[in-house]
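Undergrad: Sending over a structure as structure tokens; questions will come in a sec.
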Amino acid sequence: MNETGAALITVAFLVPIIILITGAVTDIGGAMIAKENLYKACLISAEESTKAIDISRAQHEGINYLTDDFKDIITGYFHNNIEEKENFNITFLDYHVYESIENPEYIEVISGGIYSTNFLKLINIKDISVNAHAIGRLKRID
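The opening residue of the sequence shown carries number 364 in this note's numbering; numbering runs sequentially from there.
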């Protein structure tokens with residue numbers, strides 16, 4: 364009789380722990396998927412923004428001068444390629460041009476967001492910060 368009671372107490376103790384671990388894995392997996400989606404959107408917008416060069420200026424002067432709309436291209440491609448989700452909010456989108464706008468070598472797109480957890484709220488982790496960045500390389504005209 365005592366063994367049955369001990370087994371029942373052990374199971375009653377382990378079930379909530381197993382549920383919490385399963386929930387934590389679910390929340391962490393969701394944050395990793397959100398990070399992958401951020402990276403994909405950053406990569407596409409970085410690669411597409413490298414195509415925004417002034418062709419006539421490149422032919423005449425031999426430099427890759429970025430057009431004025433490359434910022435809009437970054438924003439447009441980013442928002443077209445990010446999946447909107449109820450528990451994920453994008454907090455920032457930024458870019459950095461390496462070298463100069465007159466003759467850039469790389470364009471880096473950086474983004475971040477907040478993933479709202481479901482199960483980890485039980486242990487007072489309300490959200491997970493997610494960041495991603497990608498670099499697009501401009502080919503030199505030599």
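Every residue gets a Cβ at the ideal spot worked out from N, C-alpha and C, and that includes glycine.
Kindly indicate which three-state DSSP category Asn455 falls into: helix, strand or coil?
TA: In the sequence shown, counting from the first residue as 1, residue 455 sits at position 92. The question names Asn, but residue 455 is Phe in the sequence shown. Three-state DSSP puts Phe455 in a strand.
Undergrad: So Ala415 is in the alpha helix (DSSP H); what residue range does that whole segment cover?
TA: Taking the sequence shown and counting its residues from 1, one reaches residue 415 at position 52. Ala415 -> no alpha helix (DSSP H), and no H or E assigned at all.
Undergrad: Mind checking which residues open and close the beta strand (DSSP E) that includes Asp490?
TA: Numbered from 1 along the sequence shown, position 127 holds the residue referred to as residue 490. Per DSSP, Asp490 belongs to the beta strand (DSSP E) from Asp490 to Arg500.
Undergrad: Sort Ser419, Glu449, Glu471 and Glu411 by Cα distance to Tyr478 and report the nearest one.
TA: As a working note, residue 478 is residue 115 in the sequence shown. Checked all of Ser419, Glu449, Glu471 and Glu411; the closest Cα to Tyr478 is Glu449.
Undergrad: Looking at the unbroken beta strand (DSSP E) that takes in Tyr428, where does it start and where does it end?
TA: Locating residue 428 in the sequence shown gives position 65, where the first residue counts as 1. Run containing Tyr428: none; DSSP gives neither H nor E here.
Undergrad: Consult DSSP for Ser463 and reduce its assignment to one of helix, strand or coil.
TA: Counted from its first residue, the sequence shown places residue 463 at position 100. The answer is coil: DSSP assigns Ser463 none of H, G, I, E or B.
Undergrad: If we ignore side chains and look at the alpha-carbon of each, how far apart do Ile437 and Ala409 end up?
TA: Numbered from its first residue, the sequence shown carries residue 437 at position 74. Numbered from its first residue, the sequence shown carries residue 409 at position 46. Roughly 7 Å separates the two Cα atoms.
Undergrad: Relative to the C-alpha of Glu462, which candidate in Met395, Tyr428, Ala415 and Gln422 has its C-alpha closest?
TA: Residue numbering aside, residue 462 sits at position 99 when the sequence shown is read from its first letter. Selected option, being the one with the closest Cα: Tyr428.
Undergrad: For Leu377, count the other beta carbons within 10 Å of its own beta carbon; 16 or more makes it buried, fewer makes it exposed. Which is it?
TA: Along the sequence shown, one-based indexing puts residue 377 at 14. Exposed, by the Cβ-count rule.
Undergrad: Helix, strand or coil for Glu560? Go by DSSP, reduced to three states.
TA: As shown, the chain starts at 364 and ends at 505. That puts residue 560 outside it, with no answer to give.
Undergrad: Are Gly425 and Phe455 touching if we call contact CB-CB under 8 Å?
TA: For the purposes of this step, residue 425 is taken as residue 62 along the sequence shown, with counting starting at 1. For the purposes of this step, residue 455 is taken as residue 92 along the sequence shown, with counting starting at 1. No, the Cβ-Cβ distance between Gly425 and Phe455 is not below 8 Å.
Undergrad: Is DSSP giving Ile477 helix, strand or coil here?
TA: Residue mapping note: residue 477 aligns to position 114 of the sequence shown, counting from 1. Strand.
Undergrad: Which one or two residues does DSSP pair with Lys448 in a beta bridge?
TA: Along the sequence shown, one-based indexing puts residue 448 at 85. Looking at the DSSP assignment, Lys448 forms a beta bridge with Phe451.
Undergrad: Report the CB separation of Glu471 from His459 in whole angstroms; it is logged as a contact under 8 Å.
TA: Start at 1 with the first residue of the sequence shown, and residue 471 comes out as number 108. Start at 1 with the first residue of the sequence shown, and residue 459 comes out as number 96. Correct: roughly 5 Å between the Cβ atoms.
Undergrad: Could you tell me the distance, in whole angstroms, from the CA atom of Ala375 to the CA atom of Thr385?
TA: As a first step, residue 375 is located in the sequence shown; it is residue number 12 there, counting from the start. As a first step, residue 385 is located in the sequence shown; it is residue number 22 there, counting from the start. Each residue's Cα considered, the two are about 16 Å apart.
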